[in-house]
Ligand SMILES: [Zn+2]
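Numbering (the numbering used here), first residue to last: 5 to 413.
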């Protein structure tokens, strides 16, 4: 992205900042350094979906990671589809990462062999520190990898799933969060759930994550009835949206709030995104005025609906994790309207949202800085506030707000 001098100044100021990375899927570093890596590691995660939508077959996509096939043959398979997705935001994050860490000017026919070699050489303990701490200046990264075991890293802090499937008998009697629990009733299930929340909090978790699915008003009676009907086999399976889930989620939000945990909420974009409309959260927000909800991703494509949650509800923060790699133009439009709409302490500016390809956290951060710089520079040029104030706002979004919301000091 071509930046003006003012935008460049703002980017430079942000490069100096220690920041909080407010959402990742990073596992312990060993998960990455034990893996075999090459150019295609940079095309795992979100770019996978772009490649499939570009009509690459699942089979061919999986072959990219079959290291018994020579790299050259895998590249030949990949190249035509890469051409189709290369202008997308996801692919851009990969190229920025390749340039920054492996000193190649592009990801192309010319560079993929060198890039793969350099990635293999660098895939050693200390990689997270080099990428996250040294290049990104991340102090803390909140991560969701389904475990609180993060390999002893002082930089990573876990956020754990709030609700697990509650559809079949085995989901209820042997729940994934505590398969050994002895559960015969809804109350037993809730006890086990609360014990899980206590446990993960003691292990360092700072939040629980849910999704903005449709929720009905919770009813203990209906939940207990659904629970026993599943257990007796009268219902073989409940639909994913069901009274049991509605009640349990509500109880867990209440308990998380008592314990001071943040409730993180995925909104918009993914699969059948009609099920992820941010406005589904409104009754939940109303029922839990004391909870703190970190609403993710600006609800793409329901950006204004998501912004309205931040506008009208005291218990909502808006987190631009993943947002800058969904689309930089969307992220800039959203951030610009957010300045008009919500108090500055409610915006969280960045979360990389990556797993194995940790280098792309940096790619994403570069894009986030550009977006923030563009939006703020425009305000400075329009005379809304000074350059100094712009830098202060960026710091508020990238460091102060997530630090305060998650109690990271
Ligand atoms: Zn995520």
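For glycine and all other residues, C-beta sits at the position ideal for the given N, C-alpha and C. Here the structure is a predicted model, which means the values were calculated and not measured.
1) I need the boundaries of the alpha helix (DSSP H) containing residue 336, first residue and last residue.
2) Please go through the same chain and pick out, in chain order, the residues whose beta-carbon is closer than 7 Å to the beta-carbon of residue 80, but skip the five residues on each side of it.
3) Should residue 196 and residue 180 be called a contact, given that it needs their Cβ atoms to be closer than 8 Å?
4) How about residue 91: is its Cβ closer than 7 Å to a heavy atom in ligand 1?
5) Please tell me whether residue 322 and residue 343 are closer than 8 Å, where the distance is taken between their beta carbons.
6) Please find out if some non-hydrogen atom of ligand 1 comes closer than 7 Å to the beta-carbon of residue 274.
7) Using the three-state DSSP reduction, which class does residue 70 fall into: helix, strand or coil?
8) Between which two residues does the alpha helix (DSSP H) containing residue 128 stretch?
9) Looking at the secondary structure, which residues open and close the beta strand (DSSP E) in which residue 161 lies?
10) Among 132, 28 and 113, which residue has its Cα nearest to the Cα of residue 149?
11) For residue 435, which residues does DSSP report across the bridge?
12) Rounded to whole angstroms, what's the CA-CA distance from residue 246 to residue 298? Just pull it up for me.
13) Within its chain, find whatever has a CB closer than 7 Å to the CB of residue 399; leave out the 5 residues flanking it on each side and keep chain order.
14) Closer than 7 Å: is that where the CB of residue 357 sits relative to any heavy atom of ligand 1?
15) I'd like the span of the alpha helix (DSSP H) that includes residue 350, first residue to last.
16) Could you tell me if residue 262 is buried or exposed, where buried requires 16 or more neighbouring beta carbons within 10 angstroms of its beta carbon?
17) The beta strand (DSSP E) that contains residue 28, what's its start and end?
18) What residue range is occupied by the uninterrupted beta strand (DSSP E) comprising residue 82?
19) Between which two residues does the beta strand (DSSP E) holding residue 142 run?
20) Distance check for residue 232 and residue 188, CA to CA, integer angstroms please.
21) From the DSSP output, in three-state form, read off residue 275 for me.
22) Given a cut-off of 8 Å on the beta-carbon distance, is the pair residue 279 and residue 218 in contact?
23) Taking contact to mean 3 or more Cβ pairs, one atom from each stretch, closer than 8 Å, check whether the region 133-146 and the region 108-118 are in contact.
24) Looking at residue 220: is its Cβ nearer than 8 Å to the Cβ of residue 254?
25) Within 8 Å, do at least three Cβ pairs link the region 28-40 to the region 352-361?
26) Within the present structure, is the beta-carbon of residue 321 separated from the nearest heavy atom of ligand 1 by less than 7 Å?
27) Do the CB positions of residue 273 and residue 301 come within less than 8 Å of each other?
28) Closest by CA to residue 375, which one among 200, 406 and 327?
29) Out of 61, 341 and 266, point me to the one whose CA is closest to residue 312's CA.
30) Exposed or buried, what is residue 330 when buried is set at 16 or more other beta-carbons lying within 10 Å of its beta-carbon?
31) Given this structure, state the Cα-to-Cα distance separating residue 413 from residue 407, to the nearest angstrom.
32) Look at the alpha carbon of residue 140 and the alpha carbon of residue 105, and state the distance between them as a whole number of angstroms.
33) Are there 16 or more other CB atoms within 10 angstroms of the CB of residue 23, so buried, or fewer, so exposed?
34) What whole-angstrom Cβ distance do residue 334 and residue 307 have, given they're in contact under 8 Å?
35) Thinking C-beta only, is residue 409 closer than 8 Å to residue 266?
36) Could you tell me the alpha carbon to alpha carbon distance between residue 371 and residue 241, rounded to whole angstroms?
According to the structure data:
1) 332-345
2) none
3) no
4) no
5) no
6) no
7) coil
8) Taken as a continuous stretch (DSSP letters only), residue 128 belongs to no alpha helix (DSSP H), as it is neither H nor E.
9) 160-165
10) 28
11) With the chain covering only 5 through 413, there is no way to say anything about residue 435.
12) 24 Å
13) 21
14) yes
15) Here residue 350 belongs to no alpha helix (DSSP H), and DSSP marks it neither H nor E.
16) exposed
17) 23-28
18) Element bounds for residue 82: not the beta strand (DSSP E) but the alpha helix (DSSP H), 75-89.
19) 142-147
20) 9 Å
21) coil
22) yes
23) no
24) no
25) yes
26) no
27) yes
28) 327
29) 341
30) buried
31) 6 Å
32) 12 Å
33) buried
34) 7 Å
35) yes
36) 44 Å
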